[in-house]
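Engineer: My questions will all concern the structure given below.
Written out as structure tokens, the structure is:
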């Protein structure tokens with residue numbers, strides 16, 4: 000008996016109930032789809048795709064800003080690897096809440112040590128790639144640009160650039176230069192990882208203060224576990240404090256990847272350059288923006304929708320933004336900023352114990368202990384202030 004005969008006659012699809020009929024038809028969609036793909040590849044549109052490909056590739060390098068990376072010798076850091084490092088650090092900072100469960104005092108040291116060993120290796124790799132990328136994009140007009148020496152036939156150590164470190168002919172000295180550059184980057188990356196790890200105990204001390212501030216500042220909080228597991232403000236602060244250490248030791252690319260990951264996940268945008276004191280609490284958090292040069296004291300609380308931003312962006316004679324100066328406000332100790340408030344300007348200082356009411360627009364310093372409400376400033380004075388600072392008057 001044949002296999003077909005053993006299975007019986009093929010079912011009549013038209014005799015099946017409508018639901019089963021649709022399922023049977025759906026089972027054949029893969030074949031229809033594959034045939035459609037083959038047809039599409041033979042379609043005249045495929046010729047148009049080839050020309051479109053050429054048009055897209057021609058834009059690489061022709062539009063000014065280098066929105067592409069075509070240098071296989073200099074790999075970029077990995078966003079996914081950087082996020083994994085964050086996840087591992089959460090398991091170190093909050094053991095038992097993240098990562099492995101059921102830890103005990105007897106095995107926690109071994110567990111954390113193994114985690115830190117893995118993090119050190121992963122972080123070193125990403126820091127190395129970040130340094131390599133940054134070095135490759137240095138200002139070519141820099142006086143100490145290494146390739147200037149090669150162009151004159153000498154390496155950076157003054158030797159003739161005719162032989163690489165492998166002994167093979169190296170007419171332009173590039174192989175030897177890359178090897179020496181790589182050794183220097185490796186040493187910098189190792190030092191950066193060591194400095195970062197040395198700061199972890201202090202980072203955790205600050206985060207415990209932040210967690211306590213959340214418990215003391217939010218009557219809806221029922222436990223520390225709730226804060227660690229579920230508060231977006233606390234998660235964003237944790238990531239910012241980690242990223243801030245990388246920012247301080249000179250790895251800005253990884254720091255920005257981390258805080259923008261937090262931004263995309265929590266809706267809270269805290270620049271890694273912002274300096275934040277202890278016992279910081281962001282309540283609710285959605286829409287909070289804290290700029291790069293913001294300084295925040297101890298025991299500060301902000302609500303959703305608060306912006307600590309720049310008032311203006313001065314430019315140089317060539318029309319380029321001037322960077323590296325203080326653009327964002329300073330909040331002294333014990334300041335409270337309510338929902339929707341906007342505080343702008345590098346010269347704006349909110350004095351200790353001041354309260355900034357909801358939906359206020361603050362571009363002047365506020366004395367210690369003062370309360371700023373939305374109705375505090377008359378319309379005439381608002382217009383005068385805005386004219387003086389922005390020149391927009393009623394347009395704001």
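In the numbering used here, the protein residues as written are 0 to 395. Every residue gets a Cβ at the ideal spot worked out from N, C-alpha and C, and that includes glycine. Computed from a predicted model, the values in this text were never measured in an experiment.
If you run the structure through DSSP and keep just helix, strand and coil, what is residue 228?
Structural biologist: If DSSP states are grouped into helix, strand and coil, residue 228 belongs with the helices.
Engineer: Cutting at 6 Å between CB atoms, please list the residues of its own chain near residue 203, excluding the five before and the five after it.
Structural biologist: Taken in chain order, the residues that qualify are 92.
Engineer: So the beta strand (DSSP E) residue 84 belongs to, where does it begin and stop?
Structural biologist: Segment 78 to 92 is the alpha helix (DSSP H) holding residue 84; no beta strand (DSSP E) there.
Engineer: Roughly how far, in whole angstroms, is the beta-carbon of residue 197 from the beta-carbon of residue 125, given that I think they are within contact range, below 8 Å?
Structural biologist: About 18 Å; that fails the 8 Å criterion.
Engineer: Verify the CB distance criterion: does residue 54 have a CB-CB separation below 8 Å to chain B?
Structural biologist: Absent from the structure: chain B. Only one protein chain is present.
Engineer: Tell me, which residues are paired with residue 288 by DSSP?
Structural biologist: Residue 288 pairs with 268 and 306.
Engineer: Tell me the DSSP secondary structure of residue 37 in three-state form.
Structural biologist: Looking at residue 37 - three-state DSSP - the assignment turns out to be helix.
Engineer: Relative to the C-alpha of residue 199, which residue among 241, 222 and 330 is closest?
Structural biologist: The option with the nearest alpha carbon to residue 199 is 241.
Engineer: Just verifying my parser: in three-state terms, what is the DSSP assignment at residue 258?
Structural biologist: In the structure shown, residue 258 sits in a helix (DSSP, three-state: H, G or I).
Engineer: For residue 194, does the three-state DSSP call read helix, strand or coil?
Structural biologist: Note: residue 194 maps to helix in three-state DSSP.
Engineer: Considering only residues of the same chain and omitting the five flanking positions on each side of residue 337, which have a CB-CB separation below 6 Å?
Structural biologist: Around residue 337: 302, 356 and 357.
Engineer: Do residue 324 and residue 344 come within 8 Å of each other at the CB atom, strictly closer than that value?
Structural biologist: No, these two residues do not count as a Cβ contact at 8 Å.
Engineer: Cα separation between residue 352 and residue 340?
Structural biologist: Each residue's Cα considered, the two are about 16 Å apart.
Engineer: Are there three or more Cβ pairs, one per stretch, closer than 8 Å when the segment 250 to 258 is compared with the segment 215 to 233?
Structural biologist: Segments in contact, no.
Engineer: Using DSSP's beta-bridge definition, name the partner residues of residue 274.
Structural biologist: The partner list for residue 274 (beta bridge, DSSP) reads 294.
Engineer: Could you check how far apart the C-beta atoms of residue 216 and residue 300 are, in whole angstroms? I think they sit under 8 Å.
Structural biologist: Yes, they are in contact, since the Cβ atoms of residue 216 and residue 300 sit about 6 Å apart, within 8 Å.
Engineer: Less than 8 Å between the CB atoms is what I'm expecting for residue 308 and residue 288, so what's the real figure, rounded?
Structural biologist: That belief holds up - the Cβ atoms of residue 308 and residue 288 are roughly 6 Å apart, short of 8 Å.
Engineer: Rounded to a whole number of angstroms, what is the C-alpha to C-alpha distance between residue 122 and residue 348?
Structural biologist: About 37 Å.
Engineer: Comparing C-alpha positions only, which one of 258, 264 and 310 sits nearest to residue 273?
Structural biologist: With distances taken between Cα atoms, residue 273 lies closest to 258.
Engineer: State the DSSP-derived secondary structure class of residue 159, mapped to helix, strand or coil.
Structural biologist: At residue 159, the pLDDT of 36 sits below 50, so the modelled position is not reliable and the matter cannot be decided from this model.
Engineer: According to DSSP, residue 97 sits in a beta bridge with which residue or residues?
Structural biologist: Answer is 94, bridged to residue 97.
Engineer: DSSP three-state label for residue 103, please.
Structural biologist: Three-state result, residue 103: coil.
Engineer: Can you tell me where the alpha helix (DSSP H) with residue 69 in it begins and where it stops?
Structural biologist: Premise fails: residue 69 is in no alpha helix (DSSP H) and is neither H nor E.
Engineer: From the DSSP output, which residues share a beta bridge with residue 329?
Structural biologist: 294 and 348.
Engineer: Considering only the beta carbon of each residue, do residue 128 and residue 195 sit closer than 8 Å?
Structural biologist: Result no, Cβ atoms of residue 128 and residue 195 do not sit closer than 8 Å.
Engineer: Cα separation between residue 114 and residue 263?
Structural biologist: Each residue's Cα considered, the two are about 26 Å apart.
Engineer: With residue 52 as the anchor, note down where its alpha helix (DSSP H) starts and where it stops.
Structural biologist: From DSSP, the alpha helix (DSSP H) with residue 52 extends over 44 to 57.
Engineer: With 16 as the cutoff for other CB atoms within 10 Å, does residue 108 come out buried or exposed?
Structural biologist: The residue is exposed, with fewer than 16 neighbouring Cβ atoms inside 10 Å.
Engineer: Here's the rule I'm using: 16 or more other beta-carbon atoms within 10 Å means buried, otherwise exposed. How should residue 271 be labelled?
Structural biologist: Counting Cβ neighbours within 10 Å, residue 271 comes out buried, since at least 16 surround it.
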